[in-house]
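Line by line, the protein sequences give chains A and B. Counted the way this note's numbering counts, the first sequence spans residues 98 to 309. Counted the way this note's numbering counts, the second sequence spans residues 98 to 309. Notes follow once the structure below has been shown.
2 protein chains.
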Amino acid sequence: MSLSTRRKSISVQTIRRLPQYLRIFYNFHTYGRELVSSTDLAAETHLLPIVIKKDLQSVGAPSKRRAGFKVAGTIHVIEQFLGWNNLNKAFLVGVGHLGAALLGFDGFKNHGLEIVAAFDTRPEKVGVPVNGVPVYHTAQLTSIIEKENLKIAVLTLPAAAAQGVTDTLTAAGIKAIWNFAPVNLKVPSDVVVQKEDIASGLAELCAKLKSR
Amino acid sequence: MSLSTRRKSISVQTIRRLPQYLRIFYNFHTYGRELVSSTDLAAETHLLPIVIKKDLQSVGAPSKRRAGFKVAGTIHVIEQFLGWNNLNKAFLVGVGHLGAALLGFDGFKNHGLEIVAAFDTRPEKVGVPVNGVPVYHTAQLTSIIEKENLKIAVLTLPAAAAQGVTDTLTAAGIKAIWNFAPVNLKVPSDVVVQKEDIASGLAELCAKLKSR
DNA sequence: AAAATATAGATAACAAAATATCTATACATA
DNA sequence: TATGTATAGATATTTTGTTATCTATATTTT
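Written out as structure tokens, the structure is:
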């Protein structure tokens, strides 16, 4: 066993459930609850108590036997695990419908993300701030990334433009891309890409619906 | 073995990958390609050829040995499987940033979804069509659902309002809800709910980023 | 015509994730 | 004080999903 305690790696599914737990714990916290059991959480989530228990144990949530998980402490370990207790400066490329919607969402600040700039190629978009975020021309990407030392990119642009912009981004040293364009981006191996595909969710819904 | 051939059930993960395959097959189709191998598809997707092969086999995609999967036939079986070859009339509740973004997206017609109405409680939203879709007051939900015989709801409203609206929807006979509000809706067991949580993807990104 | 090759098809092995079961303990109740 | 109970903690089992391997067969190459 090495110095940094070797914990069993946490599953993707667990990670994806963490924000949900966090939301519920915030809620309980505002009501002054100090302990919440996996049974209570199950009632709020449609998840089985045992799934919740294992998830929380895997991130090292503090607990009390027979009583439940400690609210404040669990919030802390989840935020810590996700890195949501300090802000990362991010920017968005593509101020279309979805881009504007994401810019309009203030909740990212609770999720470790601070969108400080946006980019678009369309003249009518450039120079018009959205929800207080300045919109620059895409030609300025490299210079502003460097000036502001930005590390995370949110891509909400048309599929056809995505790879080109991505190449610019990686050349500028971007290390994380949250990609909403329906393309599989090719990036150097040290760049993290998280792809969102809204059609996947719809496919799931349709499949469930058909099997009824 | 029953009359309706009992096929092995298709995994959720496979279902979520189907739209991606579909997109690529459409592409090849427009270029006139008749056969695509799993190796070719792997180059486009970052998935392993064997994953693709199994996915396509599981939906019964037609193929030719040594050559690949038949483009037209595979498109057909995937569309068939997802029910995306005929349109379901849907509506959206909550014309905020995200709701407007979804209304602005015309691609749903290729995904079996036709959004024919939207609802909001805010007077300044009601009566102003978005991308050609009429916006009604939420009070009219039940009557319009019945009049238009709507079956699928898209919820893009604040968490606090979601359960109330859902109760109205289920009472009106809605059978499928695509939920973008960060709440776990309580619904009768015959109602299908597909929950989208944008924070899950962000959590995944942050976790990957931290482990670098 | 024969040999090499790329692929679907089938099956097997492996890994990840979900679920079940059992134990120990703090607390509540009688 | 003794007994019952709800829960975390630990471990085992089952299910689901991924990856590997082997076979058969069309196609291409020699």
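Ideal Cβ placement from N, Cα and C applies to all residues, glycine included.
Since L189(A) is in the alpha helix (DSSP H), which residue starts that stretch and which ends it?
Per DSSP, L189(A) belongs to no alpha helix (DSSP H); it is in the beta strand (DSSP E), 185 to 190.
Tell me the residue span of the beta strand (DSSP E) that contains G165(A).
165 to 167
If you draw a straight line from the alpha carbon of R114(B) to that of G129(A), how long is it in whole angstroms?
Those two C-alpha atoms are separated by around 43 angstroms.
Cβ-based neighbour list, S101(A), same chain, cut-off 7 angstroms, excluding 5 preceding and 5 following:
Unreliable positioning characterises S101(A) in this predicted model, as indicated by a pLDDT of 36, which lies under 50. The coordinate reading is nonetheless provided below. None.
In angstroms with no decimal places, state the Cα-to-Cα distance between N183(A) and C303(B).
12 angstroms
Identify whether F216(B) lies in helix, strand or coil by the three-state DSSP scheme.
strand
DSSP on K161(B), reduced to helix/strand/coil?
strand
When DSSP builds the beta bridges, which residues end up paired with A273(A)?
I249(A), V289(A)
In terms of DSSP beta bridges, what is E211(A) paired with?
The partner list for E211(A) (beta bridge, DSSP) reads K186(A).
Is it buried or exposed, Q110(A), if we count other Cβ atoms within 10 angstroms and call 16 or more buried?
exposed
Using only the alpha-carbon positions, how far apart do G298(B) and A273(A) sit?
13 angstroms
Within this structure, are the beta carbons of V251(B) and A197(B) separated by less than 8 angstroms?
no
Cβ closer than 7 angstroms: which chain A residues qualify as neighbours of P116(B)?
D294, A296, S297, A300
Buried or exposed (CB count within 10 angstroms, at least 16 for buried), D294(A):
buried
Helix or strand or just coil, what does DSSP make of Y123(A)?
Taken through DSSP and simplified to helix, strand or coil, Y123(A) comes out as helix.
Could you tell me whether the Cβ of V168(A) comes closer than 8 angstroms to any Cβ of chain B?
Closer than 8 angstroms: no.
Integer Cβ distance of T267(B) from V288(B), believed to fall under 8 angstroms
6 angstroms
Coarse secondary structure for L100(B), derived from DSSP in three states
Reliability of the predicted coordinates at L100(B) is poor, the pLDDT of 29 falling under 50, and no value is obtained from them.
Can you find the residues in the same chain that come closer than 6 angstroms, C-beta to C-beta, to T235(A), ignoring five residues on each side of it along the sequence?
F216, T218
Output needed for V213(B): all residues of its chain with C-beta closer than 6 angstroms, excluding positions within five of it in sequence on either side, in chain order.
K186.
Assuming K292(A) contacts Q260(A) under a Cβ cut-off of 8 angstroms, what Cβ separation, rounded to an integer in Å, is found between them?
Incorrect: roughly 13 angstroms between the Cβ atoms, too far for contact.
Which chain A residues sit within Cβ distance under 7 angstroms of P279(B)?
Going along chain A in sequence order, the residues near P279(B) (Cβ under 7 angstroms) are R120.
Span of the beta strand (DSSP E) around H143(A)
No beta strand (DSSP E) contains H143(A), which DSSP labels as neither H nor E.
Rounded to whole angstroms, what's the CA-CA distance from A139(A) to P116(A)? Just pull it up for me.
Spanning the two alpha carbons is a distance of roughly 15 angstroms.
Would a check of beta-carbon distances place Q260(B) closer than 8 angstroms to chain A?
For Q260(B), the answer is no, since every Cβ of chain A falls outside 8 angstroms of its Cβ.
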